[in-house]
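To start, the structure itself, in structure tokens.
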Amino acid sequence: MIKVAMLVGSLRKDSSSLKLGKYIQNAHRDKFDIEIVDINLPHYNGDFDTPDTRPEAVTEFLETMKNADAVFFITPEYNNSTSGVLKNAIDWASRSPYLANKPGLIAAQSMGMTGGARGFLSLHSILNRLPMRILPGNDILLAASHTKFDENGNLNDEGTVKFINMVMDNFVDYYNKVK
Numbered sequence: 007m008i009k010v011a012m013l014v015g016s017l018r019k020d021s022s023s024l025k026l027g028k029y030i031q032n033a034h035r036d037k038f039d040i041e042i043v044d045i046n047l048p049h050y051n052g053d054f055d056t057p058d059t060r061p062e063a064v065t066e067f068l069e070t071m072k073n074a075d076a077v078f079f080i081t082p083e084y085n086n087s088t089s090g091v092l093k094n095a096i097d098w099a100s101r102s103p104y105l106a107n108k109p110g111l112i113a114a115q116s117m118g119m120t121g122g123a124r125g126f127l128s129l130h131s132i133l134n135r136l137p138m139r140i141l142p143g144n145d146i147l148l149a150a151s152h153t154k155f156d157e158n159g160n161l162n163d164e165g166t167v168k169f170i171n172m173v174m175d176n177f178v179d180y181y182n183k184v185k
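Quick note on numbering: the sequence shown equals residues 7 to 185 in my numbering.
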């Protein structure tokens, strides 16, 4: 079982990013132990980035990152980019050794028809500068995300479900190759 820290780039309790994360968490619990991590963290400030000055929420966040085998990132598209809250969490994590060589996966969603592609590319650009191992060629981009979930938060688009299932299987293979 692969232990995954999932960073969802929206703080809204009913966001499509969170729904997508919960779908992946529930549908693939046979392969992954996924923890959706609280990333409502204080803004990164290097003056408070020492073990003695680090905010408790950040210390807990970093401990979760340390204990994860892999990291999944789900971003909404905000102003043609990834969300600030996700970028802030990455800034905190990138100052530690806990992302080094960890396999990762990126997913994006938006209400528009591009499926969050610009947010995805922004996030990919950020993560590409880190010593992570992001699964190549398996881009989860969920277009018109507000129409893809039923009232109970279930993903109701058969093609998307099949594609995500394939990506999750591909990630397991990739994880086993790079770990």
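We put the CB at the ideal spot given by N, CA and C, even for glycine.
Being a predicted model, the structure only gives us computed values, none of them experimental.
Taking the alpha-carbon of residue i as reference, which of the options has the nearest alpha-carbon?
i: K28; options: M138, A113, N182; result: A113
i: S100; options: I80, A123, N51, L141; result: N51
i: L129; options: S87, M138, E164, P103; result: S87
i: F169; options: L136, I146, S89, G159; result: I146
i: A149; options: G165, I140, E157; result: G165
i: D20; options: D156, L92, F79, P48; result: D156
i: G90; options: H49, T56, S102; result: H49
i: N218; options: N158, G159, I140; result: Since the first and last residues shown for the chain are 7 and 185, residue 218 lies out of range.
i: E41; options: T56, F79, D58; result: F79
i: L105; options: K93, P137, N85; result: P137
i: A123; options: R135, N85, K154; result: N85
i: N32; options: N134, P142, N158, T65; result: N158
Count the other CB atoms within 10 Å of the CB of residue i; is the residue buried (16 or more) or exposed (fewer)?
i: F194; result: The first residue shown for the chain is 7 and the last is 185, placing residue 194 beyond what the model contains.
i: G15; result: buried
i: Y67; result: Correcting the residue identity first, residue 67 is Phe in this sequence and not Tyr. Looking at its Cβ environment, which holds 16 or more other Cβ atoms inside 10 Å, F67 is buried.
i: K186; result: Residue 186 lies beyond the residue range present for the chain, which begins at 7 and ends at 185; the question has no answer from this structure.
i: V10; result: buried
For residue i versus residue j, is the C-beta distance shorter than 9 Å?
i: V43; j: T70; result: yes
i: V186; j: M12; result: One cannot answer for residue 186 here, as it falls past the ends of the chain, which runs 7 to 185.
i: G118; j: E83; result: yes
i: F38; j: I45; result: no
i: L161; j: L26; result: yes
i: D75; j: Y181; result: yes
i: V167; j: N144; result: no
i: D58; j: W98; result: no
i: S102; j: K72; result: yes
Could you check the C-alpha separation between residue i and residue j for me, to the nearest Å?
i: I107; j: I96; result: The displayed chain sequence assigns Asn, not Ile, to residue 107. Near 15 Å, if we compare the C-alpha coordinates of I96 and N107.
i: R60; j: R35; result: 33 Å
i: I132; j: L17; result: 20 Å
i: A63; j: S23; result: 22 Å
i: G121; j: H152; result: 11 Å
i: N171; j: V178; result: 11 Å
i: P142; j: T65; result: 30 Å
i: N94; j: R135; result: 15 Å
i: L92; j: D53; result: 20 Å
Using a Cβ-Cβ distance under 9 Å, would residue i count as near chain D?
i: A150; result: Protein chain content of the structure displayed is limited to a single chain, and chain D is not contained in it.
Output the residue ranges of the alpha helix (DSSP H) runs that lie fully inside the region 117–148 and measure 4 residues or longer, sorted by chain position. 123–134
Threshold first: 4 residues or longer. Then list the alpha helix (DSSP H) segments lying entirely within the region 38–102, N to C. 62–73, 90–100
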